Each structure stands twice: as structure tokens, then as C-alpha cells.
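Below you'll find the structure, written out as C-alpha cells, and then a few comments.
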Amino acid sequence: MSNNNIAIGYIGTYTKNNSKGIYRINFNTTSGHIEKVNLAFEIENPTYLSIDRDRHILYSSCKDDKKAGVSSFKYWEEKDELNIINNYISEEKPPCHVSISKDKQILISSNYHENKMLIYKTLDGLILDSPILGSHCGHSINISRQEKPHIHCSMFTHDENYIISIDLGTDKLMVSTINDGTLNYKDNLNYTFPAGTGPRHVTYSKTFPEYYYVISELTSEIFVFKYNVNSENLFENIQILSSLPPNYTEKKSGGAIRIHNNNKFLYTSDRGNNSISLFLIDKNNGHLKYIDSFSCKGDSPRDFQLDPTGNFLLSANENSDNITIFSINQLTGVLTFIKSENIPTPTCIEFI
11 MSNNNIAIGY
21 IGTYTKNNSK
31 GIYRINFNTT
41 SGHIEKVNLA
51 FEIENPTYLS
61 IDRDRHILYS
71 SCKDDKKAGV
81 SSFKYWEEKD
91 ELNIINNYIS
101 EEKPPCHVSI
111 SKDKQILISS
121 NYHENKMLIY
131 KTLDGLILDS
141 PILGSHCGHS
151 INISRQEKPH
161 IHCSMFTHDE
171 NYIISIDLGT
181 DKLMVSTIND
191 GTLNYKDNLN
201 YTFPAGTGPR
211 HVTYSKTFPE
221 YYYVISELTS
231 EIFVFKYNVN
241 SENLFENIQI
251 LSSLPPNYTE
261 KKSGGAIRIH
271 NNNKFLYTSD
281 RGNNSISLFL
291 IDKNNGHLKY
301 IDSFSCKGDS
311 PRDFQLDPTG
321 NFLLSANENS
331 DNITIFSINQ
341 LTGVLTFIKS
351 ENIPTPTCIE
361 FI
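To convert, count from 1 in the sequence shown and add 10; that's our numbering.
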């Protein structure tokens, strides 16, 4: 768009209630207000999104009647609209997470319900046939949540030497590689979390990519890892801390974890106490220091996202049908609530 203070964002949703698919927002990066909301594409359960910003391509989980899979879309700037490229429907239930490789040629989907990781080749956004399938066995101590593997997130390491999968059901960070079209599990490089942890999502620092951060869903903790290349201790755990305020003892349900563009602040969301927590990152050793927690001004912040300027944080509050916007103090990382915008059952936010 010609207005350079407007960022285009896309909102993934659950379509079980009033939502109809992927929504688009025009976000004013000066005021922090959402100026326009509209349905960008009608599709069932696009609950997680991943963006190829260079090519203006959006990838999404999806459902089509009784089958599910992944879809790809192209944003055409000259027409100012989102058009579907294609979809690949081969699963019984939709994936919970999708990620795209740095070279934008490999798409990975993770399926919590079906214990599947599917690895697709892509060509200018076209999702190609014959994905590589990854699956495994196991369980952990939480009978209701860890009765079998539940892959919640998969992505490449920053150097793209490995794929890491975060499995809530088996309490594992799993490591694999792709060689000649074959997925090879590197079990000797896996990390096993304390039983009942329920790890959910992972991220890493762009400035200091040797540090990785995992948030757990069942215990609301952050695990800090040092990535040791060419070592049997590939992911060395160097810190564990709560993602919630000190002395908090009520319901815990870790959600999203993201690092600010300046690589000084790390944020997490929690659906147990409906909060966003702030941590400072020590650039010398990757350790985190808890600073504060802030109400998300909604119910169940499943995801949140930083706008392209890094001046604002947007929280996707699934159960209250709203996105809440906060300004970010650039010196301290502290959040200040600005405004709420009604969007049905939001689950993921990405800017193109």
C-alpha cells in the first residue's frame, strides 16, 4: 500500500464460532490503531500462519470438510488482495503449527492430534506433492495431555542444519535432518524435559542465534538452551525459570514466545492468568531476567505479535474475540495498553 505508516497484518482464527477464515487488518504503525478489519479469505480453521515477506506469500493450516492440511496465498500489492495459490489436504485434523525455511523452499507443518510432522517442498509459494512424513512414539506422566506424542511446533535451526520438533506429549525437543529426501531422527541429540513439562513453542535470538528459548504449556516455564554446533550436547540447557510472576500458584497454560526486534526483550503469553510477561535477555550468556507481567485485556492469549516497527505488541485473545494493542517502551520493554479491536476467535497474527 502507498501509505507507508500502514502495515498489513493477517489474523488466523478458529472458525468454530463466528469466524469465517483469515482476517486482514490495516495497522497504523504511528498511532497503534487498527484502521480497518475485513475478511481476507474464507477458509476453515486457519489457526496458524507463517509468512514469506520477500515474496508476499502466506502459509496457513486449514481444514476442508472432513480433511485438513496446509494452504498458501499470495498478497498482490497492485490489487491489494490475498489470493489462494493452492492447498495440500491429506490429514484428518488440521496442523497446529506451520513454519517456512530461510530459503523459503521448505514448509513444515506440525500436527498435535495426529503425531505428524510433514515437510513440503515449495516453489514460489506452490506447495508441492509428496511431503516427507515424520512420526514417533512415546508418552509422559500427564494422563489427559501426554497419553501419546503431541508435536506442537517444528522449525529449522538458524543454520538450517537441523529440524527441531517440540513435543508436548513426550516432553522432548527432538532433532532430525533431511538427507536425499529422507528424514533422519538424531535421537542422541534430543533433549528430554522434566516429566509433565509439556513444551509448546520455541524461538531463538536473531542477534545471538546460539541461544534458543522454549516455553512450556503445562508448567508455564521457559527453558533456555545454548546451541552447541558439532557437539553431542547440541542443546545444552543453561536456565529454567517461570514465565509467570513470582509466587503465582493458580492455573498455568503457556502460550506463545517471541523476541523483540532489538533482541533485548523476550515476551511470553499465558492463558492461565491471561497475561503477557516481559524478560530481559542478557547478551553475554543468553540468560533471562523476569521484569513484569501485564494483563492481556482479554481471555486466552493464544498468540501475540510485534508490529514491523517494534513499537507495538498485539495480543490474539482467542476466547474473548478480540485483539488488544500495547505500546512498547523502547528502553524498558514495558507494555502500555492502547486499544482493543473485535475479531472472532483470533489464534495467530502475522504481518506481511
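Glycine included, C-beta positions come from ideal geometry on N, C-alpha and C. Note that the coordinates shown come from a computational prediction; the quantities given were computed from them, not determined experimentally.
Contact set for Asn329: own chain, Cβ-Cβ below 7 Å, skip 5 residues either direction = Looking up residue 329 in the sequence shown gives position 319. Result list for Asn329: Asp309, Ser310, in chain order.
Secondary structure, beta strand (DSSP E): runs of 3+ residues fully inside the stretch 65-95 | 67-74, 77-86
DSSP beta-bridge partners for Cys163?
-> In the sequence shown, residue 163 corresponds to position 153, counting from 1. Paired residue(s): Ile176.
Opposing strand residues paired with Asp389 [DSSP bridges] | Only positions 11 to 362 of the chain appear in the structure, and residue 389 is not among them; the question remains open.
Secondary structure of Asp62, DSSP reduced to three states = Stepping through the sequence shown from its first residue, residue 62 is reached at position 52. It is a strand residue.
Pull up the distance between the alpha-carbon of Pro356 and that of Asn327, whole angstroms please.
-> Here residue 356 is taken as the residue at index 346 of the sequence shown, counted from 1. Here residue 327 is taken as the residue at index 317 of the sequence shown, counted from 1. One C-alpha to the other measures close to 6 Å.
6 Å CB neighbourhood of Asp64 in its chain, flanking five on each side removed | Counting from one through the sequence shown, the residue named residue 64 turns up at place 54. Excluding sequence neighbours, Asp64 sits near nothing in its chain.
Measure the C-alpha to C-alpha separation of Asn198 and Asp292 and round it to an integer number of angstroms.
-> As a position in the sequence shown, residue 198 is number 188, starting the count at 1. As a position in the sequence shown, residue 292 is number 282, starting the count at 1. About 29 Å.
Complete runs of the beta strand (DSSP E) confined to the stretch 300-325 [at least 3 residues] = 311-316
Terminal residues of the continuous beta strand (DSSP E) containing Ile32?
-> Looking up residue 32 in the sequence shown gives position 22. Ile32 -> beta strand (DSSP E) spans 31-38.
Name the two residues that bound the continuous beta strand (DSSP E) containing Ile359.
-> On the sequence shown, position 349 is the one that residue 359 refers to. Start and end: 356-361.
Local Cβ density within 10 Å of Thr366, reported as buried at 16 or more and exposed below that = Given a span of 11 to 362 for the chain in the structure shown, any question on residue 366 remains unanswerable.
DSSP-derived helix/strand/coil call for Ser330 | Your numbering for residue 330 matches position 320 in the sequence shown. Three-state DSSP puts Ser330 in a helix.
Checking contacts by CB at 8 Å: is Asn14 closer than that to chain B?
-> Reference to chain B is not applicable here, since this structure consists of a single protein chain.
Does DSSP classify Leu254 as helix, strand or coil?
-> By 1-based counting over the sequence shown, the position of residue 254 is 244. In this structure, Leu254 counts as coil in the three-state DSSP scheme.
What's the gap between the Cα of Asn284 and the Cα of His66?
-> Position 274 of the sequence shown holds residue 284. Position 56 of the sequence shown holds residue 66. Roughly 32 Å between the two C-alpha positions.
Please name the residue, chosen from Phe275, Ile250, Gly22, that lies closest to Ser81 on a Cα-to-Cα basis.
-> Residue numbering aside, residue 81 sits at position 71 when the sequence shown is read from its first letter. Checking every option, the nearest Cα to that of Ser81 belongs to Gly22.
Can Val185 and Leu128 be called in contact, C-beta distance under 8 Å?
-> By one-based count along the sequence shown, residue 185 stands at place 175. By one-based count along the sequence shown, residue 128 stands at place 118. Not a contact, by the Cβ cut-off of 8 Å.
At least 3 beta-carbon pairs within less than 8 Å: the stretch 156-165 vs the stretch 197-212 | yes
Going by DSSP, what residues sit across from Tyr363 in a beta bridge?
-> Residue 363 lies beyond the range of the chain shown here (11 to 362); nothing can be said about it.
Of the choices His270, Ile362, Leu143, Ser215, whose alpha-carbon is the least far from that of Asn194?
-> For this step, residue 194 is matched to residue 184 along the sequence shown. It is Leu143 whose Cα lies nearest to the Cα of Asn194.
What is the rounded straight-line gap between the Cα of Ser12 and the Cα of Ile269?
-> As a working note, residue 12 is residue 2 in the sequence shown. As a working note, residue 269 is residue 259 in the sequence shown. Confidence at Ser12 is low in this model, with a pLDDT of 46, below 50, so its placement is unreliable and the value that follows should be read with caution. Cα to Cα, Ser12 sits roughly 29 Å from Ile269.
Please list, in chain order, all residues of the same chain as Lys261 whose beta carbon is under 6 Å from its beta carbon, the five residues on each side excluded.
-> Reading the sequence shown from its first residue, position 251 is the one you call residue 261. Gly282.
Starting from Glu45, follow the beta strand (DSSP E) in both directions and report where the run begins and ends.
-> Here the question's residue 45 lines up with position 35 in the sequence shown. Counting along the chain, the beta strand (DSSP E) containing Glu45 begins and ends at 44-52.
Burial state of Leu138, where buried means 16 or more other Cβ atoms lie within 10 Å | Translated into positions along the sequence shown, residue 138 becomes position 128. Counting Cβ neighbours within 10 Å, Leu138 comes out exposed, since fewer than 16 surround it.
Extent of the continuous beta strand (DSSP E) to which Ile225 belongs = Indexing the sequence shown from 1 puts residue 225 at position 215. Here the beta strand (DSSP E) through Ile225 covers 221-226.
Where does Asn272 fall in DSSP's three states?
-> Numbered from 1 along the sequence shown, position 262 holds the residue referred to as residue 272. Coil.
For Leu143, does the three-state DSSP call read helix, strand or coil?
-> Sequence index remark: in the sequence shown, residue 143 carries index 133 (1-based). It is a strand residue.
Assuming Tyr24 and Arg34 form a contact by the criterion Cβ under 8 Å, report the distance between their Cβ atoms to the nearest whole angstrom.
-> Residue numbering aside, residue 24 sits at position 14 when the sequence shown is read from its first letter. Residue numbering aside, residue 34 sits at position 24 when the sequence shown is read from its first letter. Contact flag wrong, Cβ pair sits at about 17 Å.
Express the C-alpha separation of Asn55 and Ile32 in angstroms, rounding to a whole number.
-> Position 22 of the sequence shown holds residue 32. Position 45 of the sequence shown holds residue 55. Each residue's Cα considered, the two are about 9 Å apart.
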